[in-house]
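What follows is one structure encoded as structure tokens, with my remarks underneath.
Protein chains: 4
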Amino acid sequence: MSSQLNVAVVGAGYWGPNLARNFRVADDWNLAAICDLDLARAERVANSVGGVHVTQDLAEVLDDSTVDAVAIATPARTHHPIVLAALEAGKHVIVEKPLADTRERGAEMVERARDNGLVLMADHTYCYTPAVLKIRELIEEGALGEILFVDSVRINLGLIQPDVDVFWDLAPHDLSIMDFVLPGGLDVTSVSAHGSDPLRTGKSCVGYLAMPLSSGGIAHVHVNWLSPTKIRQMVIGGTKRTLVWDDLNPQQRVSVYDRGVDLALQSKETADTRAANISYRLGDTWAPALPEQEALANVAAEFASAIRDGRPARTDGESGLRVLSVLEAASASLAVSGAPQHAETYIKEVQEA
Amino acid sequence: MSSQLNVAVVGAGYWGPNLARNFRVADDWNLAAICDLDLARAERVANSVGGVHVTQDLAEVLDDSTVDAVAIATPARTHHPIVLAALEAGKHVIVEKPLADTRERGAEMVERARDNGLVLMADHTYCYTPAVLKIRELIEEGALGEILFVDSVRINLGLIQPDVDVFWDLAPHDLSIMDFVLPGGLDVTSVSAHGSDPLRTGKSCVGYLAMPLSSGGIAHVHVNWLSPTKIRQMVIGGTKRTLVWDDLNPQQRVSVYDRGVDLALQSKETADTRAANISYRLGDTWAPALPEQEALANVAAEFASAIRDGRPARTDGESGLRVLSVLEAASASLAVSGAPQHAETYIKEVQEA
Amino acid sequence: MSSQLNVAVVGAGYWGPNLARNFRVADDWNLAAICDLDLARAERVANSVGGVHVTQDLAEVLDDSTVDAVAIATPARTHHPIVLAALEAGKHVIVEKPLADTRERGAEMVERARDNGLVLMADHTYCYTPAVLKIRELIEEGALGEILFVDSVRINLGLIQPDVDVFWDLAPHDLSIMDFVLPGGLDVTSVSAHGSDPLRTGKSCVGYLAMPLSSGGIAHVHVNWLSPTKIRQMVIGGTKRTLVWDDLNPQQRVSVYDRGVDLALQSKETADTRAANISYRLGDTWAPALPEQEALANVAAEFASAIRDGRPARTDGESGLRVLSVLEAASASLAVSGAPQHAETYIKEVQEA
Amino acid sequence: MSSQLNVAVVGAGYWGPNLARNFRVADDWNLAAICDLDLARAERVANSVGGVHVTQDLAEVLDDSTVDAVAIATPARTHHPIVLAALEAGKHVIVEKPLADTRERGAEMVERARDNGLVLMADHTYCYTPAVLKIRELIEEGALGEILFVDSVRINLGLIQPDVDVFWDLAPHDLSIMDFVLPGGLDVTSVSAHGSDPLRTGKSCVGYLAMPLSSGGIAHVHVNWLSPTKIRQMVIGGTKRTLVWDDLNPQQRVSVYDRGVDLALQSKETADTRAANISYRLGDTWAPALPEQEALANVAAEFASAIRDGRPARTDGESGLRVLSVLEAASASLAVSGAPQHAETYIKEVQEA
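Residue numbers (the numbering used here), protein chains in the order written: chain A, 1 to 353; chain B, 354 to 706; chain C, 707 to 1059; chain D, 1060 to 1412.
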């Protein structure tokens, strides 16, 4: 690779330092600047990675023609104006999750990037962990067969967020992962959300999302800020095998079970004959070796690669939009006591436009 | 205790032998007869417990004035006629779960028992395990504070039942336990059921039940026949402590976590100020010692004790009825894509009558 | 198989009922009699398996020419006279572990069986569990490569035995399993035993056995009656793969790790160059499916098969003798503060004779 | 605390950066210099902590009268000359484990520190983790009663070290922890070491240490470089309770089991009557909450506190010496096939001198 791309990190709060550190050491990238309204904060981050130009002025970054891309780690409500400005300035953009604070604003960002021929990447970091990359690969090559259900649990004693409920805080992880690994992406027929606010904090602290999949089967997410134990587990059931991802078990994060239910298919079948022709398979369990990699290093590499190849990132703006669609549908469902709601998909948006 | 009660076991299929074995060795009971339409099956059970009278004829059992009680372990659809006949004959009755195949039939059984002054006990066996008895005791004495949420997971590779879906097959366990341990019993404001039948067997094989509690908070159940791994776990979150029951961890089945979220209550508070005044508690974990007891032995003792004291059993017909109400509401919710449904309670039934 | 073999169970205490139950239902066997000095005890066992002849008189059993074999489950100190009498009477014999109370008596039993052309089988039940059968098969087919080490832990809160220490109580399990799965059987160059009796009960309650293997590598056993947690784990390290057997994890009892250390062998190597040429392999983990089988059913089948084929049982008297040799060497080592002791092998016995 | 102490870190290899980072942020300390023969390496560490004076010249550091203390993280074979030079220069010293490469050199260091009235602290980092601090506290306050046994397992797939065997590489952790938590320190009557080198690397890769305790009971260590699974577990059995420390279970690192064996003591007892009067206790389990602290921050605080109070550090040179004594005895035992060897204690050394 002959030359490096120049990137500026915008936002030096919680996530920015991680982006800065990874762009700093990536072969593909030169970390050109760190930008934050709080200059002292930007300087602390710059020092921690060994001295990088800092600025309070976003315009300075966007006006700099040597800057190829910006990585945005500011609060969600500021994503829309900053991303649009960056796209207008001809910069490729990677933006922290969630893509935007509303689906509509996110859609505008996606369309603007497409119109300008720029990469807009959603920083769905989890998707670039060795475990999730392996899961995507296994599903893609058919190791699980057709997907029957996806069940994700993400619970622990968590900080009650001032501005978002437990769905918007935690579920983006589960939803972006599902979007990444499912063959057709996160394509749901409806969303039912059941939340509870037993401490009367004004927002759901315990939440459940039920989402029938367009391909058949169901996806479900359980998020919870009030659990004393921490669980990070996703079960993906397929017609051939079932996979369990237990992210807190470093010795065996991903297990593939060759166990399940077999159908003896017949030419003339009804539901009854199907039930009668079911048998069980109790085969081996297999846990693939996973490399030791930092997910954000993979994110940085993918961002560079998408820019160079002129292709969408594996987690592009549309994937961020699908996550937003489900979150908005979840909020709508919550408002009507959990009745199922339609989730707008970006594809339809575009067709209607 | 001067004299034993006489009991006949009706039904010698899957569960009957367990009832027979436990009544046989119980101090309170004399096992008087085993009744099954399949006499050979009845004899096998009788031999296994050391020689007991067998019969094909239910009437013979009910006409026998020395028989005080019958234990019914026949298919659910036969509970209604057999229980009514037994109650008419003046026998106390214990009946395997579910109480009946419809709530309406169950309600008739409960009313008949009350009218005749007889004990009608639901054999909610799990409630009499040392773990669940301890959980009930802890909640009763206030160790958890007010209950904020109950989350139950009961998944494994299960036999796809010919006549019932995964809700009716597995959830009665979770629902009867919740009814047993929650201070006000299983008192829910609505039931939303999300099921999936990805193998097209004609019934849900994966199911989720979301049930807001009248007391605030939420109860949730995940049942699944298609999971390659087996999980039996219930988390009960309270304002003071949170309890985790992991039934597959014999070395530490019940853990009580003194961890959680504390609210600094103020005189004039809003949801916003509440959120602002939240702090975290990271205290000790405590796992109570549990005695080694067979649950069915406790069931037999409770049945005898209720009869002798002329009081309802701890898991009486009404508790069975509350479970049926939720199951019927779940079926109704399934039929409308998961929209929440009202669950009739037995109390209202009676008031309406 | 045309006809069944007749077997009598001698000893109706702790283990006898299990033998009786399994011989009773085995296709290969007819359970002809149960013999115990305590006739009432014999009758209880006979009733529990559905009516079998009982007797107090061992001579009656041995004089019965229709009895092909006896299964002996009496105290260890009585094995020697009973087994010799049975062998004199021309009966095949299976005997509960340990084979005898001394190696010398065990050796006499083994020689007598050989001289009389009869099967003498050690009831090393654990060897016939699906897990251990699979482990033996994997090692036999070379899946692990050459064995580098075997580490076995068998600890729990255990009954302090009146007559034997923790080595003689628990280690026979580990030793008989090692003998069963290791390619050359339990062939050790010496035995060092370290015991502790911190409660001053007069015998070791905590014990460690270190045994260099003749083939290179080391075997080690940790047995402990004072541990509040229960562990049943054996790690078998090989040049190709390493296997972990966790008997208390029913969902994944046997795991085979394709992880280890690789040596880049060179023509002229020294220890130094070997160390320099070591690299690491971090491959997949694999857990074979195991059938659901009762070990004692497999024991009964193996006993019949050995008799019919006129061959030694897979756990023959000599395997029982190798276990005794190690236990005696362990006792000798304990008496000299853990200094390593030679373990007599049966082969040498015979050569010396 | 009015003024900070000045410390120089000597050695910028594997461990030095951790020391530098912790001294840099500690309230008690001013990080005055980083010294390494490889100046570039020293500079990298200095930059990572934000700019500190670097030098290749140890003499420069020792001649600087403003430097109060040095922290030594150089190879073990260099500890002796560097520490002696530092002590001669009047500096307090903290030195990475092991204290020295021989017990004799370590003893000279300890004596020199004492003669010069300076603090010599062994950097037994593990002792300052919240888990080990809590274990020491529990034992000190009598929660476990008298200690009956200590069993430590530290196994994983490990780098085969070029210069030391698995005992000298891993066991210092277990031994220093035992020395820290046991009431009388690591006071053993003998050491038996069983090692195996099945890959013929020229040194033990699998090792077992059995050490009867002077106070009764036994301590045992299992260290292993060839295990595909990682275990870090210590069981400490006491007359009142037993503690299990599982360092890889962040949700419950320390568990205290109120389970065990009770002795009904009698006035005239023998071993036999003791065995007869044993009963079992199956009480609750309790897992204390542990604060989140970095162990090295506690190390830095303890070093400062010992200097200011003119007292020995909690892990002083003598504790390092006791660890060395056991390691040397282990090497001696290995050389005679595991026969038990006497472990010199520093106390005796001094008395003899």
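Note that beta-carbon positions come from the ideal geometry of N, C-alpha and C, so glycine has one too.
On a predicted model such as this, the values are computed, not experimentally measured, just so you know.
* To do: Scan the region 676-695 of chain B for residues whose Cβ lies nearer than 8 Å to a Cβ of chain A and list them as they occur along the chain.
  => Taking 8 Å as the cut-off between beta carbons, the residues of the region 676-695 of chain B near chain A are S690, G691, A692, P693, in sequence order.
* Asked: Going by Cα to Cα distance, which pick from I660/B, G691/B, G636/B, A692/B is closest to G443/B?
  -> I660/B
* Asked: If you drop the 5 nearest sequence neighbours on each side, which residues of the same chain put their C-beta closer than 6 Å to that of P525/B?
  -> K450, P451, V676
* Asked: Does the beta carbon of I135/A come closer than 8 Å to any beta carbon on chain B?
  -> no
* **Cβ neighbours of L793/C in the same chain (closer than 8 Å, five flanking residues each side left out)** => Close CB contacts of L793/C within its chain, under the 8 Å cut and outside five residues either way in sequence, are with V799, M815, R818, A819, N822, L824, L826 (chain order).
* **Terminal residues of the alpha helix (DSSP H) in which K1193/D lies** => 1189-1199
* To do: Per DSSP, which residues does S985/C bridge with? Please list them.
  => D968/C
* Asked: Quick one: does H759/C have its CB under 8 Å from some CB of chain D?
  -> no
* Asked: In three-state terms, what does DSSP make of T582/B?
  -> strand
* Asked: In chain order, what residues of the region 574-593 of chain B put their CB closer than 8 Å to some CB of chain C?
  -> Within the region 574-593 of chain B, the qualifying residues are T582, K583.
* **In DSSP terms, what N1065/D is bridged to** => N1089/D
* **Inter-stretch contact at 8 Å, needing at least 3 Cβ pairs: the region 507-527 of chain B / the region 573-592 of chain B** => Because the criterion of three Cβ pairs below 8 Å is met, the region 507-527 of chain B and the region 573-592 of chain B touch.
* Please state whether DSSP places T991/C in a helix, a strand or coil. => In the three-state reduction of the DSSP assignment, T991/C falls in the strand class.
* To do: Just grab the DSSP bridge partners of M884/C for me.
  => Paired residues: none, contrary to the question.
* Comparing alpha-carbon positions, which option in W225/A, S319/A, L321/A lies nearest G591/B? -> W225/A
* Where does the unbroken beta strand (DSSP E) through E96/A begin, and where does it stop? -> 92-96
* List the endpoints of the continuous alpha helix (DSSP H) containing V773/C. => No alpha helix (DSSP H) contains V773/C, which DSSP labels as neither H nor E.
* Of the residues S985/C, W992/C, M940/C, V941/C, the one placed nearest V705/C, counting alpha carbons only -> Given that chain C is displayed from residue 707 to residue 1059, the structure contains no residue 705/C and the question cannot be resolved.
* Can the beta-carbon of A426/B be found closer than 8 Å to that of L372/B? -> Result yes, Cβ atoms of A426/B and L372/B sit closer than 8 Å.
* Taking C-alpha atoms, which residue in S1274/D, A1252/D, T1288/D, S1255/D lies nearest to R906/C? -> S1274/D
* To do: Measure the beta-carbon distance from A775/C to V751/C and round it to whole angstroms, keeping in mind my assumption that it falls under 8 Å.
  => No, A775/C and V751/C are not in contact; Cβ-Cβ is about 18 Å, not under 8 Å.
* G158/A versus I500/B: straight-line alpha-carbon distance, rounded -> So the alpha carbons of these two residues sit roughly 18 Å apart.
* At a CB-CB cut-off below 7 Å, which residues of chain B make contact with T1344/D? -> Q605, A640
* What's the call for T772/C, buried or exposed, on a 16-neighbour Cβ count within 10 Å? -> When all chains shown are included, T772/C counts as exposed.
* **Integer Cβ distance of P1140/D from Q1352/D, believed to fall under 8 Å** => Not quite, the Cβ-Cβ distance comes to about 34 Å (not below 8 Å), so this is no contact.
* Asked: Going along the chain, which residues of its own chain have a beta-carbon closer than 7 Å to the beta-carbon of A682/B, five neighbours each way excluded?
  -> Exclusion of the five residues before and after A682/B leaves V544, Q694, H695, A696 as the residues of its chain whose Cβ lies within less than 7 Å of its Cβ.
* Quick one: which chain A residues come within Cβ less than 7 Å of L988/C? -> A289
* **C-alpha gap between R1300/D and D1160/D, whole angstroms** => 37 Å
* Asked: Interface residues of chain B around G756/C at Cβ under 9 Å?
  -> In chain order: N400, S401.
* **Cα-Cα separation between C1094/D and A1359/D, rounded to whole angstroms** => 18 Å
* Leaving out five residues before and five after R281/A in sequence, what residues of the same chain have Cβ atoms less than 8 Å from its Cβ? -> Scanning its chain for C-beta atoms nearer than 8 Å, with the 5 sequence neighbours on each side dropped, one finds around R281/A the residues D258, R259, G260, V261, D262, in chain order.
* For L209/A, which residues does DSSP report across the bridge? -> A193/A, V221/A
* Of all Cβ atoms in chain A, is any one closer than 8 Å to the Cβ of N1077/D? -> no
* Asked: Could one say the Cβ of Q266/A lies closer than 8 Å to chain B's Cβ atoms, at least one of them?
  -> Confidence is the limiting factor: at Q266/A the pLDDT is only 48, short of 50, which leaves the residue's position unreliable, though a coordinate-based value still follows. For Q266/A, the answer is no, since every Cβ of chain B falls outside 8 Å of its Cβ.
* **Backbone CA spacing between L213/A and P641/B [nearest angstrom]** => 42 Å
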